[in-house]
Every structure is written in C-alpha cells, then in structure tokens.
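Chains as they are written, first to last, in the working numbering: chain A, 34 to 318; chain B, 12 to 277. Down below is the structure, laid out as structure tokens.
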C-alpha cells in the first residue's frame, strides 16, 4: 500500500489518543522525575520545588562510587556469561527443526516472564541449607553435610545469569536465524572443523550482533534490583536497590531521582551505542 | 554423529539449568509439612488450595488478575491506533511516538517505576489501584506495539489496494481486511502484556505497594517473614500460566516468526 502524508486534521485522529497517553503518562512522569532531582528535600519526607545540585553532589561520594562500580562490574559479568552461553546455544537452536524451536521458545518465554521475586526465591531455596542443592550432593555422597551458599556473590551472579539468559537468547535469535549458512558450508567444504568454522566464520560475521547483545543484556542486568537484595549481602546491592531504598524507605525522592537520572544517562549512552552498531550492521548486509 | 551428541548434551545442560529452580519450586510446593524441605516429605496439594482459600493470597491473586487484564487492554488500545497510523501514513516525525512507546521497556524498570512514583505523588492519586493499571499499561505498551507493527508489515498491500479500488473507505478496509489479518498479533501482544504484568514487581510496588498487594508484592513481603510452601505453589502456578499462554500463541500463530525468525524454522 502507498504511504501518503496525512492530509487533513481528521487523518491525525487515530494518533491523538496514543500520543496523548504517551505524553501524559510517560513523558510527563519522566520530566517530573528529572525536575524532582533538582528539588530540595523536606524534613517531612516530601520535597519543595527548587533548583539545587546537592542531590547530584551527594552522589559523587566514595560510597556511591563503590556501589556504581559494583553494579557495572556485576552487569558486565552477567552480560559476558550470558552471551557466551546463549550465542552458541541460539545458533544451534535456529538450526533445529521447527517443532523443536517452538518448544524451546515456549520454555524460554516462560522463564523470561518469571518474576524477579520468584527467581530470587527459587535460587535462595536452591542455595539454602534445608532445601538446597547441597542436600542432593549429600544424598549422592559427594558432601558430608548440607551447607548454605547464600547470601553470597555466587548466588547473586547465578540468579542474574538465570534471569538474563532467556532475554539474551531472544535478542540474538532474529539475527542468528537469518544468518546465511552457506558461509559455514563453504568453510566446512574446505576442511574446517565445525568449531573452527564457528569461530573463524560465524563469529566475525556476527561480531556486531554479539556486541549489541552484550550491551542489551548489560543494560537489562543493570536494572536488577530484587535478586541482589534477596540473595546478596548489603555489599552486593546495586544502584537500582539504592534508588528503591531512597525513594521508598528513606523518602528521599530528590536523591533517588538524581540517581535515576544518572542511570538513565548511562543506559541511554549504551542503547545509543547499540543503535549505532545496528546501523553499521545494516550497511554491511 | 559426534557433533550431534555434543549439541544434545549442550542443550540438555541449558535445559537443566533453566528447569532446576522449577524442580525445586514444584518439590517444595507439594511438601506435606509447613517447611521448605527438599527432597519433599510426603505429598500434599494443600498449599495450592491455600492460594484460593486464604483471604490474603486470594485477594492478591484477584488484584494481579485485574491489574494484568486492565493493563493489557490499555497497552493494546494505545499500541493499535499508533501502529496503524505509522503504517498507513508517511509521517516521519510521528516515529517519535514509536520511540516513546519502546523507551519504557528499554530503560531499567526502576527508572520508569520512579517516574510514575514521582508523577502520582506530585499530582495526588498516589496509591489508587487504577494508577497501577495505567502505569503497567504504559510500561508494557512496547509489547503490543512491536507485535502489531510486525502484523501490519506482514499485510499484503495488494489486498488493501483491491479493497480501496472497489470503493471501501479506510474504516471499511480496516474492519474487513486489516483487522482480521492483524488479530493474531493483537492477541499475542495482549497475552505478552498480561503474563509480564502478572509477574511485574517494581512498578506495581512503587505505585500501589502500600495500598494494594499483587502476587509478586505479596510473595516478596512474605519472604521477610520466612518461606512458606504457598509461595512455591504460587510460583509454579505462574510458570504454568505463562507456559499455557505461550503454547496457545504457538498453536494459533507462528511463534518463531513472532520472535523475529523470518524463515519460521525448517
């Protein structure tokens, strides 16, 4: 169908309601949050309109630098582990039969839709002394008596990888499904082993996809707020946990907003980078 | 054969990792005693019954269902006209609204949640149940927007041309040609929103956390007082609902294509 520019005001009719909803309930809340980040906190727990930078200044302290550093490091580790597993996995999945793919996709979507609360709960059971994996190890005779693996960094990392893995598979899926296998066949015909063909042909061709997936998972993992709380010690808390804590329990909305604005800027920079990489991929293709 | 074996092994490992928490959750949920012992001792479905008989859990379930249904309707109602407009007309500046529709989902959820919290607190209705419906509806608008846009792009332009040539106006074309074609995409967008809203914690918590308990909020609040098998039962019920919904989408639609695989499998 030919796309024509809208001619009369009536043509704009259908756009009116969605535009209004998005402006009122996304742009304005977002703007409110940015505004509040410059407000003065009231002792009573609320805030008064003002323009102060103290909320941002407070952020530049050693404590928050540590939290930020930990959040970034954790998100980076999650992204690298997830992509390292999901890249070969997703590639192999796209080469299976349609029914196999459908079953896997249903499973992946089901795990993806699991609430962070439930993932945290399930892994805390798995890592606990009473109901955990160590009981199975005892039963198998590999361990003397059951032990607890949580709270701890390993528990946080495992649960976050679990949460992000379905996400990273779905991010990689479209691009890998469209990959032309004739490149690989050519490499195989010339005598390369499957693993060699994978590393020397598929990997370089999909480099941009890979990088985009890394960044997407990184931003996704940066948003994790419950798992570090349920499975970690206070030193494992991320920026998202602190934002929630300041907003709800300390009733310091201006400070929470300032941290959120900072997180947005960082995420936006990374999403922008992804789009830039995506555009380059289009050109190459 | 060797490559095939290692692939199967690799798939089995991933499947095991993904199923592991679910195995424990199911095991704990049928435990006879009120404790989290694994492997379970005895067998009882009483924890499942408790979700429906215990007033606290039942209310949380009802709240979650209302929230998920309401927000899914809202998300679709925003996404459908927007996707239609962007498909029907050439208006590059209107792409800004597509970006606005996708943004809440790309940003870390805590930010969207905090945006809503400051907005509802500043304008007044903070804590009202309907604010959660609007918040979730906008937060998840990305999902129907993406699926419906995909639906529009799959429509054969000639069908629409033919209908227009025979004298059908936009409204008739939409009703008789376009709507039936995009209906599966619309339903899957609705279903995605419904399932994710059912499981969403942070936005619901920041908007109505202290006035209305949804199931994830109830589970998290209950976590502080120790674990009960009811939590495990609820968790498993959630996975089951998600699996059923996505199986239905796969049964009536093309799931690989919906997720971006143009080949749609072999």
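Beta carbons are placed, not taken as given, at the ideal position from N, Cα and C, and that holds for glycine.
- According to DSSP, is residue 23/B helix, strand or coil? Three-state DSSP puts residue 23/B in a helix.
* So what's residue 81/A in DSSP terms, helix, strand or just coil? -> DSSP places residue 81/A within a strand segment (E or B) once states are collapsed to three.
Could you give the first and the last residue of the continuous alpha helix (DSSP H) run that contains residue 270/A?
Counting along the chain, residue 270/A falls outside any alpha helix (DSSP H), and DSSP gives it neither H nor E.
- Task: Could you pull out every residue in the same chain whose Cβ sits closer than 8 Å to the Cβ of residue 318/A, ignoring the five residues on either side in sequence?
- Result: With a pLDDT of 41 at residue 318/A, under the threshold of 50, the modelled position of this residue cannot be trusted; read the value that follows with caution. Cβ neighbours of residue 318/A within its own chain (closer than 8 Å, five residues either side excluded): none.
>> Any heavy atom of the ligand COA inside 8 Å of the beta-carbon of residue 254/B?
In response: You won't find the ligand COA in this model; it holds no ligand whatsoever.
Requested in this report: Can you say whether residue 146/A is buried or exposed, counting buried as having 16 or more other CB atoms within 10 angstroms of its CB?
Outcome: Residue 146/A is buried by the Cβ-count criterion.
- Message: Please list, in chain order, the residues of the region 181 to 201 of chain B that have any C-beta partner in chain A closer than 7 Å.
- Response: If the cut-off is 7 Å between Cβ atoms, the region 181 to 201 of chain B has nothing near chain A.
| said: Rounded to whole angstroms, what is the Cα-Cα separation between residue 54/A and residue 62/A? | reply: Each residue's CA atom was taken as its position, placing residue 54/A and residue 62/A some 11 Å apart.
Item checked: residue 73/A, DSSP secondary structure in three states -> DSSP places residue 73/A in strand when its eight states are reduced to three.
| field | Below-9 Å beta-carbon distance, residue 58/B vs any chain A residue | value | No, residue 58/B lies away from the interface with chain A (no Cβ there is under 9 Å from its Cβ).
Checklist entry - Under a Cβ-count criterion, where at least 16 other Cβ atoms within 10 Å of its own Cβ denotes burial, should residue 288/A be classed as buried or exposed? => result It is buried - the Cβ of residue 288/A has at least 16 other Cβ atoms within 10 Å.
Neighbouring residues, chain B, relative to residue 310/A (Cβ below 7 Å): Here the premise fails: no neighbours, minimum Cβ distance about 15 Å.
Assuming residue 294/A and residue 119/B make a contact with CB atoms under 8 Å, what is their CB distance in whole Å? Not a contact, Cβ separation roughly 12 Å.
Next on the checklist: Quick check on residue 131/A - is its C-beta less than 9 Å from some C-beta in chain B?
Outcome noted: Taking Cβ atoms only, chain B reaches closer than 9 Å to residue 131/A, which makes this a yes.
Could you pull out every residue in the same chain whose Cβ sits closer than 6 Å to the Cβ of residue 150/B, ignoring the five residues on either side in sequence? Around residue 150/B: 115, 123 and 214.
### Task
Would you kindly work out how many angstroms separate the C-alpha atoms of residue 184/B and residue 121/B, rounded to a whole number?
Across the structure, residue 184/B and residue 121/B are spaced so that their CA atoms are roughly 41 Å apart.
Uninterrupted beta strand (DSSP E) stretches inside the region 99 to 179 of chain A (no shorter than 3 residues)
Fully enclosed beta strand (DSSP E) runs of 3 or longer: not present.
* Check residue 232/A in the structure and name its three-state DSSP category. => In the structure shown, residue 232/A sits in a helix (DSSP, three-state: H, G or I).
* Asked: Applying a beta-carbon distance threshold of less than 8 Å, which residues of chain B neighbour residue 227/A?
  -> The answer, in chain order, is 14.
Check your understanding: Excluding the five sequence neighbours on either side, which residues of its own chain have a C-beta within less than 6 Å of the C-beta of residue 123/A, listed in chain order?
Key -> Excluding positions up to five away in sequence, the list reads 202, 205, 206 and 209.
Worksheet item: Excluding sequence positions up to five away, which residues of its chain have a Cβ less than 7 Å from the Cβ of residue 197/A?
Response: Answer for residue 197/A: 111, 115, 250, 253 and 254, listed in chain order.
Whose C-beta lies closer than 8 Å to the C-beta of residue 242/B among residues of the same chain, with five residues either side of it excluded?
Result list for residue 242/B: 230, 233 and 234, in chain order.
Suppose you measure from the CA of residue 239/B to the CA of residue 52/B; what does that come to, to the nearest Å?
If you draw a straight line from the Cα of residue 239/B to the Cα of residue 52/B, it comes to about 15 Å.
Item to complete: Excluding the 5 residues preceding and the 5 following residue 268/A in the sequence, name in chain order all residues of the same chain whose CB lies nearer than 8 Å to its CB.
Response: A distance below 8 Å between beta-carbons, with the five flanking residues on each side excluded, links residue 268/A to the following residues of its chain, in chain order: 103.
Quick check on this structure: which residue in 276/A, 86/A and 193/A has the alpha carbon closest to the alpha carbon of residue 97/A?
Nearest option by C-alpha distance: 276/A.
DSSP has residue 37/A in a bridge; who is on the other side? Beta-bridge pairing links residue 37/A to 100/B.
(Q) Just verifying my parser: in three-state terms, what is the DSSP assignment at residue 173/B? (A) When DSSP states are grouped into helix, strand and coil, residue 173/B belongs to the helix group.
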